[in-house]
Amino acid sequence: MPPKNTQPKYRQIADYLREGILNGTFPAGQPLPSEEVLAKQFGVTRPTVRQGLTELRASGLVEAIMGRGTFARSPHGRPSLTRPRGVRRTPEARYVEADGIRWTDAEPPVATRTDAPMALAVLLRVPPGEPMVTYDALQTADQGRLRQLHRTYVPFSVLIDTKYEEEAPPPAPELYTALADLGHELHFTEYVRTRMPLPDQAQALRLPEGVPVLQVLRVTLAEADKPLALEEFHLPGDELELSFRL
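Under the UniProt record's numbering, the first residue of the sequence shown is numbered 1, with each subsequent residue one higher.
Listed below in structure tokens is the structure:
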């Protein structure tokens with residue numbers, strides 16, 4: 001006689017659905033059994049079923065679509081979008097993103113002053129608290145289907161003895177041309193990690209519950225690997241992968 005399952009009912013439901021999603025019983029993109037069906041199958045109320053589904057949403061395995069139901073999301077599926085990473089210089093001496101996507105700012109970015117936090121100060125090799133010119137932008141492409149949050153940081157110390165002591169430099173990618181015009185030979189390093197989004201980031205990127213963001217930190221460097229600027233990208237972590245040519 002098999003041992004009795006002593007797990008709470010909501011967790012039994014979550015385990016049942018999780019196993020079905022992982023083994024393909026419930027294919028990605030297809031609706032899961034309804035709350036009513038699961039409630040009858042496990043002999044529970046619908047709020048108990050919802051508790052089990054909430055656990056799966058938090059792990060990114062299901063997505064609830066208003067008016068349509070709850071759908072499986074497979075962790076093994078190929079993403080729908082691959083974005084090459086990098087910066088290239090055109091024959092016209094312009095710097096463009098390797099992915100070729102034409103991004104539009106939701107609102108014109110405005111320069112603000114911020115102080116370098118410890119983590120970014122280390123990458124920029126400036127003292128913590130050094131003032132920086134900062135731009136924030138929500139950017140969209142493909143009629144709003146693609147979205148990213150983009151922040152540009154330029155330490156004040158980089159701008160000393162340049163015309164940008166009196167006027168703010170432009171945000172990236174126009175910033176690259178501005179730095180090159182100051183005589184710098186530019187190259188770039190990127191750092192990528194995942195984390196769960198803050199509430200305002202999830203809202204801006206329209207992320208379902210349980211979906212992480214990809215955080216990309218791009219450092220613009222000059223000769224002798226001297227950091228000149230830093231950009232922070234937050235990208236949706238579902239249906240997206242990044243590719244790097246080595």
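Note that beta-carbon positions come from the ideal geometry of N, C-alpha and C, so glycine has one too.
- With respect to THR134, ALA111 sits close: the two C-beta atoms are nearer than 9 Å.
- Between GLU232 and the set LEU138, ARG151, PRO75, the nearest pair of CA atoms involves ARG151.
- Contact fails between the segment 32-49 and the segment 159-171, because fewer than three Cβ pairs, one in each stretch, are under 8 Å apart.
- Counted as a single uninterrupted DSSP element, the beta strand (DSSP E) harbouring MET132 occupies residues 131-141.
- For ILE65, the beta-bridge partners assigned by DSSP are GLY69.
- When rounded, the separation of the alpha-carbon atoms in SER157 and MET118 is 16 Å.
- Taking every protein chain shown into account, the CB of ALA106 has fewer than 16 other CB atoms within 10 angstroms, so this residue is exposed.
- In the DSSP annotation of this structure, the continuous segment of the beta strand (DSSP E) that includes ALA229 starts and ends at 227-236.
- Annotated three-state conformation of LEU246 is coil, per DSSP.
- Contiguous beta strand (DSSP E) elements confined to the segment 183-223 occur at 187-195, 213-221, taking only those with 3 or more residues.
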